[in-house]
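Line by line, the protein sequences give chains A and B. To convert, take the position in the first sequence, counting from 1, and add 2; that gives this note's numbering. To convert, take the position in the second sequence, counting from 1, and add 2; that gives this note's numbering. By construction, the Cβ of each residue, glycine as well, lies at the ideal position given by its N, Cα and C atoms. Comments concern the structure below.
There are 2 protein chains.
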Amino acid sequence: MFDSIIINSRVKEFYTVNFIDDLVKQITKIANEEDNVFVVDEKISKYFATELDCVFKKSRFIIIECKEENKTLEYSQELIRRLIELNIRKNNRLIVIGGGIAQDISCFIASILFRGLDWFFFPTTLLAQCDSCIGSKSSINFDQFKNLLGTFNPPSEIYIYPGFLNTLTENEIKSGIGEMLHYFLSESIEIAKEVSAQYEQILSNRTLLPYFIQHSLRIKKNIIQIDEFDTSIRHIFNYGHTFGHAIEAISQYKIQHGQAISIGMDLANFISMSRGMISEDVFFEMHNILNKNMPKFKFDQSNIEKYILALSKDKKNKGNKLGSILTSGPGKLSKVFLDFDDSLKNLILEYSLKFQN
Amino acid sequence: MFDSIIINSRVKEFYTVNFIDDLVKQITKIANEEDNVFVVDEKISKYFATELDCVFKKSRFIIIECKEENKTLEYSQELIRRLIELNIRKNNRLIVIGGGIAQDISCFIASILFRGLDWFFFPTTLLAQCDSCIGSKSSINFDQFKNLLGTFNPPSEIYIYPGFLNTLTENEIKSGIGEMLHYFLSESIEIAKEVSAQYEQILSNRTLLPYFIQHSLRIKKNIIQIDEFDTSIRHIFNYGHTFGHAIEAISQYKIQHGQAISIGMDLANFISMSRGMISEDVFFEMHNILNKNMPKFKFDQSNIEKYILALSKDKKNKGNKLGSILTSGPGKLSKVFLDFDDSLKNLILEYSLKFQN
């Protein structure tokens, strides 16, 4: 398996990503320490009932229902009550097994209960393994506002077990690939090309994924070590995200995150080309990679106004300008503020006519 | 006025305590920056209506009702909604004017809204000026549990304006004096003796207080810079607090914090003497100082069981042992775990008979 990755942090000095191939061994070891309390995604608790048997037999644990509607203060309070019933103490540690939603809720609780609990994380989705497990963020929805609340609080140990990837649908894998492509293209074209060359094999053989996961984490690590709290250079990772989030929103989240940002990057590249930042050749070099991972989706007169409205609500905007990350070629990202005018709208429609499925 | 105090922090690199004598000038300067949003204790907003006029005229502000029952997630959510109505943004800063409760609630909100907002703090009580304004902690009650939730998130600037002290009752001043005595005795006997010598003057002339406030903050600074997250040496500041908290609890919080810990320290000293850690001389040297600040309160058969029960719930306990800070003399504190047995109970009753009013 791959070497551990150590990430320097302002919050925790450092924390470690470990790649493991024996889940039972690792879980058993942790379950043997009575200070640990497990927080397990309901789906994972069923899929991996055998592997988690030692947890359910001898450890304190709670099962959490991982859906977007539960990323709230109310659900967090419910879980805190269940942890208190388990007699949780300040010197206890949460062991979280699940995807991004399990991470968001548990990390938030670990940030505020007893002014902070130690926690370990076993990410179970490709998105969580290749991206969210590092970077310290938790996100909680508040009223109608997505991810309005949150904290920076990384786990002290992360265990990546590739076997979890077998539980995922093809769309979930594609979503993770989209997120990884965004990291790869923020550095260079090379690894994105490898993904493209092996795209079909990756979808059918998930043992190919850890190689890309560790590359993705390595690229993210280099930036978050400099800007953990997302105030400067880490903004480049909004590449594809501003345009992608708005696609997710107008699709009512039917289009998954990483697939939406595949379109988002392609659109950002198209706008970059229109501004003379990249040549047609460079645009197509990236388009041919991204296109493989793009879902069926079109901008047209029926949704363009809604899309512009969704973009206008992005929290990275300044005044009446759209804060977007554009590219001068792979590895050369920069922040540009775009006017919300007809030319932006027409550019998006032109992009769609030419390049969308 | 006194020199600024700079405190090194893991959360914020450093933050600064500034002593100011012109409140209007400072507030006006801050109110002129439109990124600032004020959070003002209702009582202070009335007492200092003239000084805060520039805030109420041209700044965004919310008024908060500072009572213990409002240190909850529910009230925090209500305030977050009011901040959203004021169109608060990630790059805005909260300017908090109030005592410890205003600090707890606002610091908590500043920790979780947008994953963290910058904030300034104008502490208005003696307790907040001499103690809580530094040290990074916020505390939120949860169900029946006091201060179960919280964060570490210091303000980036603290402004100590002694004029606020004129709004306080004598009991509130005594409460602050108790907290300061606890810092002084954790270092040496010298400054505690000065307090004792001038005790009556201090109560009648509050301009004498800033001298003691800056000494108190200096002592606290030296420890929190080493152990900001309260995992080791900062525990010495529980001196008098374990015994004091339980007095507050059984008095239904009629006895104020700093007065309760004046008794708490005296009791801890008495137990230290009974264990041969200090001589009778040293006990009396401290007792004669603490006694001036001790409220009317007695342990007897009517409350001793309740008191022991309250002590048994202290979160610093380990197993069935009471985690308490005892003294080998001024400046020489250490943690000792005491058995909950009849000898502890008898010792407390003996102390009360001999030394309580």
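CA-to-CA distance, residue j to residue i, given in whole angstroms
i      : j      : result
B/P164 : B/I204 : 13 Å
B/H247 : A/K317 : 44 Å
A/I8   : A/F21  : 12 Å
B/T171 : B/L292 : 19 Å
A/L167 : A/T126 : 7 Å
A/T169 : A/K14  : 31 Å
A/N10  : A/I193 : 24 Å
B/T74  : B/D120 : 21 Å
A/R95  : A/F122 : 7 Å
A/I179 : A/N173 : 10 Å
A/E44  : A/L313 : 34 Å
B/E35  : A/K222 : 35 Å
B/D344 : B/K294 : 30 Å
A/L349 : A/E282 : 15 Å
B/F81  : A/L85  : The question names Phe, but residue 81 of chain B is Leu in the sequence shown. Those two C-alpha atoms are separated by around 27 Å.
B/I90  : B/F124 : 20 Å
B/I111 : B/S78  : 7 Å
A/Y353 : A/M275 : 11 Å
A/L151 : A/I103 : 14 Å
B/K320 : B/L311 : 15 Å
B/F245 : B/Q261 : 12 Å
A/P212 : A/E202 : 16 Å
A/S134 : B/I64  : 35 Å
A/Q303 : A/I252 : 13 Å
Beta-carbon proximity of residue i to residue j, cut-off 8 Å
i      : j      : result
A/R62  : A/V42  : no
B/D106 : B/S141 : yes
B/K337 : B/H237 : yes
A/I226 : A/V19  : no
A/A270 : A/Y309 : no
A/H289 : A/F342 : no
A/F299 : A/I263 : no
A/L351 : A/F301 : yes
A/I136 : A/L25  : no
B/S158 : B/Y17  : yes
Spatially closest choice to residue i from the options, by CA coordinates
i      : options                        : result
A/T153 : B/Q227, B/L115, B/N143, B/L151 : B/L115
A/E181 : A/L128, A/T52, A/S336, A/D344  : A/L128
A/L54  : A/A33, A/I66, A/E70            : A/A33
B/L210 : B/G321, B/I175, B/L151, B/A270 : B/I175
B/S234 : B/I327, B/G321, B/I65          : B/I327
A/E189 : A/L25, A/C68, A/K334           : A/K334
B/K59  : B/E70, B/S47, B/F339, B/M275   : B/S47
A/I160 : A/G101, A/E71, A/F272          : A/G101
B/F186 : B/L25, B/C132, B/K347          : B/C132
B/M296 : B/S276, B/T329, B/N305, B/L183 : B/L183
B/I273 : B/G321, B/I257, B/L340         : B/L340
A/K31  : A/V57, A/Y49, A/N319           : A/V57
B/H217 : B/E196, B/D229, B/R277         : B/E196
A/A130 : A/E76, A/P156, A/S113          : A/P156
B/C68  : B/D37, B/F50, B/S108           : B/S108
A/L88  : A/E71, A/S134, A/S198, A/D37   : A/D37
B/S198 : B/N72, B/R12, B/N93, B/E287    : B/E287
A/G325 : A/I280, A/F239, A/D5, A/N359   : A/F239
Chain A contact for residue i (CB, 8 Å cutoff)
i      : result
B/T153 : yes
B/L75  : yes
B/I82  : yes
B/Q79  : yes
B/K69  : no
B/K92  : yes
Chain B contact for residue i (CB, 8 Å cutoff)
i      : result
A/K317 : yes
A/K139 : yes
A/K222 : no
A/K195 : no
Contact test: residue i Cβ vs the ligand PLP heavy atom, cutoff 7 Å
i     : result
A/V42 : Here there are no bound small molecules, and the ligand PLP is not part of this structure.
Any residues in the stretch 104-117 of chain A with a beta carbon nearer than 9 Å to a beta carbon of chain B? Which ones, in chain order?
-> F110, S113, I114, L115, F116, R117
Could you name the residues of the stretch 17-31 of chain A whose beta carbon sits closer than 8 Å to any beta carbon of chain B, in the order they occur along the chain?
-> none
Name, going along the chain, the residues of the stretch 143-173 of chain B whose beta-carbon falls closer than 9 Å to a beta-carbon of chain A.
-> F144, D145, F147, N149, L150, L151, G152, T153, F154
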